[in-house]
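In structure tokens:
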């Protein structure tokens, strides 16, 4: 009977020891407010945090944070005071809901080392950029023609603006039509605006588009362009001889062909 009680007592002691160890680990990965103020847990951190910005952050603006050189693949992100956090391994996106000062913690899941960074949020509320945008005044559209090595009858037109616009995933909205009642090939191309096919990705980019014009395989053909861009109309032509193209494009502003022969 005494032996059974002794065994039971040992089991209870082991249980409490495990609970104490687990509690200690939880305390380590959940920074306390005192630690946030003095930065005690950031001293042993092997990595550091980089972010889009630390000041001038708007309320509800998505801000990217990255822990450099983490030991593990997974990083636990915490904010004091608590905020909305989207964890993605060594990276995270945080949406700060109110103005104020915050401390962002990155806790390495392997070593439990912790790094932190302080940020400041303004009274201004973030507005999601519109994916649909008009071209700016005096914008330049640069078109680079090319063709496939094994199929010169396909003329490729790669277009990109000089200026950058909202949304990293933006693109040029363009329509093309070939006239049927023309002696020569005649292409009507209209670059309407800038848009995104999905939700706007935060940031800026130069909108682009690629067109493929299929021409007859004849030895020599002539073609014409009418290109509408930013409420202006431009006219030009090309001659295809064998596998080579020559372009007659007189404009040095608005719409520019980056090369006149390929």
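Residue numbers (the numbering used here): 1 to 262.
Just so it is clear, CB atoms sit at the ideal spot from N, CA and C, and this is done for glycine as well.
| task | Can you tell me which of the three DSSP states residue 150 falls into? | result | coil
| request: Leaving out five residues on either side along the sequence, give the residues of the same chain with a beta carbon under 7 Å from the beta carbon of residue 249. | output: 236, 257, 260
| task | Measuring alpha carbon to alpha carbon, tell me which of 169, 180, 122 ends up nearest residue 209. | result | 169
| Count the other CB atoms within 10 Å of the CB of residue 81; is the residue buried (16 or more) or exposed (fewer)? | exposed
| message | Can you tell me whether residue 187 is helix, strand or coil according to DSSP? | response | strand
| Taking residue 118 as the reference, which of 107, 112, 134, 100 has the closest Cα? | 100
| field | Of the residues 150, 153, 133, 187, the one placed nearest residue 166, counting alpha carbons only | value | 133
| query | Which residue comes first and which comes last in the beta strand (DSSP E) that contains residue 59? | reply | 57-59
| said: So residue 109 and residue 75 are supposed to be a Cβ contact under 8 Å. How far apart are they, rounded? | reply: 6 Å
| To which residues of the same chain is residue 86 closer than 7 Å at the C-beta, ignoring the five residues directly before and after it? | 92, 93
| So which of 131, 254, 144 has the shortest CA-CA distance to residue 193? | 131
| said: Helix, strand or coil, according to DSSP, for residue 180 in the structure here? | reply: coil
| query | Thinking just about the alpha-carbon of each residue, which of 71, 244, 254, 49 is nearest to the one in residue 150? | reply | 244
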